[in-house]
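Each remark here refers to the structure printed beneath this line.
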Amino acid sequence: MIKVENLHKSFGETKVLKGISTTFEQGKTNLIIGQSGSGKTVFLKNLIGLFEPNEGNIFYDQQKYGDLTTSDRTELRKKIGMVFQGGALFDSMTVEENVMFPLKMFTKKSNAEMLKRVHEVLERVNLDQANHKFPAEISGGMQKRVSIARAIVNYPKFLFCDEPNSGLDPRTATVIDKLIQEITKENNITTVINTHDMNSVFEIGEKIIYLQDGILAWEGTKDEIHHSNNKDLSDFVYSSNLFRKVRQAYQKGL
Amino acid sequence: MIKNTFRKMTKRKVLWNLIFQEVNDLVIKSMGIIIFISFFIGAVVTIQTALNLTNPLIPRELIGFAARQSIILEFAPTFVSVIMAGKVGSFITSSIGTMRVTEQIDALEVMGINSLNYLVFPKIIAMLFYPFAIAIAMFVGVGGAYLAGVYGGFLESGQFIQGLTDDFIPFHIFYAFFKTYIFAFLLATIPAYHGYYMKGGALEVGKASTTSFVWTSVVIIIANYIITQLLLS
């Protein structure tokens, strides 16, 4: 579980996050949504420790991040898996080497043990045919799957995903969403996904928080969105004709 | 940046592999261009010296002496380092810059890895082998000078060898390698700084590579002046 208390983040005079408090629950896919410039990425970067908040606290399973020593923070980061928007795979390494990287860095496993685990996770993400290819030789969807495999290979307790299905076709995007949700359940990890894909919201959004101008404007489940009175949230979620029709059907009980 | 590069070291086994990789990328793969440049610079220095020594009272041995001094003191350490600022420097800036743009550095940080140590430290250690490349440049440069001088008909082989050994000051070798180590450190760190702290996209990677080449060259030239002033004057 991750608990956020009164989180503030500014860059110079610009206040990006203005006192966000929320909880991301274990074993659930927690989604952060909001318009471009609403502070989603900055919020996520605070959660993964790439930015230091100006004010407020973040608790990872009761551990207050601000109170941790440098070595404790390093230990905590070993429990974090991250799927970046562009995959962030290491260009000079093959798929297998990319996935093996966290094991090589942080475990004392033998090469055979590491390879066994790498093949396990690559099979889990349905990608056991591209082991010796380089990232530039595989498709965007495959790169995302490799990125997921690398994020989960060292049994993380927290999984963060920054727009995991951006740039993917709708079918592959759904596959990636489902994969993340299944992995979350199988390993009982706390997953936080930053997205503005409404398909993801209605497919896997077990808890959703909506950011607007750096403020947490709404939080709830995907079903509660349909009953929300928050006009900005409705304008954002139902901006497309398709989703307006989904809401009408939902409200009519179809 | 330098302070953080030496903190929170990467796992030793991984680090060794990275260092070997960098020695190959930065030093061994540069040998071709270093040998090519050194050979022809040595040859040209000899021809120009020979053509300018028109006074029959000046001994022909001076051609070998002038070639040795200019190659060991300046052409091998400084001229080759400025060329390396373009080759090795651009490679370092663009490879680290691309990692920054594509969030690979963020990925290292999120995993709890000191990205500066992982990326820059192996380059600094690998560049400790750079003076070996400069030593080869000196030999090849003198070889080019010998071939151009003797087979170009400017002087006899014995005269060249005589000039090569005349008034040899061993301290000059120390001076040349001392400044080569300083240049090696500059060649590893200045381009790494420009790549690591760059912001933007692909276009900015190109701009950062150019800026890093300019700055590395400028700092090498200034460092060369300071070291020469301190050690030789």
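Chains as they are written, first to last, in the working numbering: chain V, 6 to 259; chain P, 7 to 239. Even for Gly, the Cβ is constructed at its ideal location relative to N, Cα and C.
Residue burial classification, residue i (beta-carbon count within 10 angstroms, cutoff 16)
i                      : result
residue 224 of chain P : exposed
residue 117 of chain V : exposed
residue 57 of chain V  : exposed
residue 175 of chain V : exposed
residue 60 of chain P  : exposed
residue 35 of chain V  : buried
residue 168 of chain V : buried
residue 137 of chain V : exposed
residue 232 of chain V : exposed
residue 96 of chain V  : exposed
residue 185 of chain V : buried
residue 40 of chain P  : buried
residue 148 of chain V : buried
Residue i, DSSP secondary structure in three states
i                      : result
residue 126 of chain P : coil
residue 87 of chain V  : strand
residue 58 of chain P  : helix
residue 60 of chain V  : strand
residue 170 of chain V : coil
residue 132 of chain P : helix
residue 201 of chain V : coil
residue 19 of chain P  : helix
residue 196 of chain V : strand
residue 246 of chain V : helix
residue 26 of chain V  : strand
residue 8 of chain V   : strand
residue 19 of chain V  : strand
residue 163 of chain V : strand
residue 114 of chain V : coil
residue 224 of chain V : strand
residue 37 of chain V  : strand
residue 14 of chain V  : strand
residue 203 of chain P : coil
Proximity test, residue i beta-carbon vs the ligand GDP heavy atom, cut-off 6 angstroms
i                      : result
residue 196 of chain V : As for the ligand GDP, it is missing from this structure, which has no ligand bound.
Interface residues of chain P facing residue i [CB-CB closer than 9 angstroms]
i                     : result
residue 53 of chain V : 112, 115 and 116
Residues that residue i contacts on chain P, provided the C-beta gap is smaller than 7 angstroms
i                      : result
residue 105 of chain V : Residues of chain P passing the Cβ test: none, with the nearest at roughly 11 angstroms.
Amino acids of chain V, ordered along the chain, whose beta-carbon sits closer than 7 angstroms to that of residue i
i                      : result
residue 99 of chain P  : Here the premise fails: no neighbours, minimum Cβ distance about 15 angstroms.
residue 119 of chain P : 110
Proximal residues of chain V, C-beta to C-beta of residue i below 9 angstroms
i                     : result
residue 41 of chain P : Ordered by position in chain V, no residue passes the 9 angstroms Cβ test against residue 41 of chain P, which lies about 26 angstroms from the chain.
Chain V contact residues for residue i, given Cβ-Cβ distances below 8 angstroms
i                      : result
residue 109 of chain P : 89, 90, 91 and 93
### Task
Could you say if the segment 69-84 of chain P and the segment 179-186 of chain P meet the contact criterion of at least three C-beta pairs nearer than 8 angstroms?
yes
### Query
Along the segment 88-99 of chain V, what residues have a CB closer than 9 angstroms to any CB found in chain P?
89, 90, 91, 92, 93, 94, 95, 96 and 97
### Message
Counting only Cβ-Cβ distances shorter than 7 angstroms, please list the residues of the segment 8-35 of chain P near chain V, keeping chain order.
### Response
17 and 20
### Task
Check distances from the C-beta atoms of the segment 67-85 of chain V to those of chain P and list, in chain order, the residues that come in under 7 angstroms.
79, 82, 83 and 85
### Query
Using Cβ-Cβ distances below 7 angstroms, what residues of the segment 109-129 of chain V are close to chain P?
109 and 110
### Task
Specify whether the segment 151-166 of chain P and the segment 51-60 of chain P touch according to this definition: at least 3 beta carbon pairs, one from each stretch, less than 8 angstroms apart.
Touching, yes, given that three or more Cβ pairs across the two stretches are closer than 8 angstroms.
### Query
Any chance the segment 124-142 of chain P sits against the segment 21-32 of chain P, with 3 or more Cβ pairs inside 8 angstroms?
yes
### Query
Should the segment 102-115 of chain V be regarded as contacting the segment 64-72 of chain V, the criterion being three or more beta carbon pairs within less than 8 angstroms?
no
#### Entry: Given 8 angstroms, three or more beta-carbon pairs between the segment 202-222 of chain P and the segment 95-102 of chain P
By the Cβ test, the segment 202-222 of chain P is in contact with the segment 95-102 of chain P, since at least three Cβ pairs between them sit closer than 8 angstroms.
### Query
Can you find at least 3 beta carbon pairs, one from the segment 76-92 of chain V and one from the segment 112-126 of chain P, that sit closer than 8 angstroms?
yes
### Message
Assess contact between the segment 131-143 of chain P and the segment 127-144 of chain V, defined as three or more Cβ pairs (one per stretch) separated by less than 8 angstroms. Is contact present?
### Response
no
### Inter-stretch contact at 8 angstroms, needing at least 3 Cβ pairs: the segment 70-86 of chain V / the segment 151-161 of chain V
yes
### Query
Can we say the segment 225-235 of chain P touches the segment 189-202 of chain P, given the rule of at least three CB pairs closer than 8 angstroms?
yes
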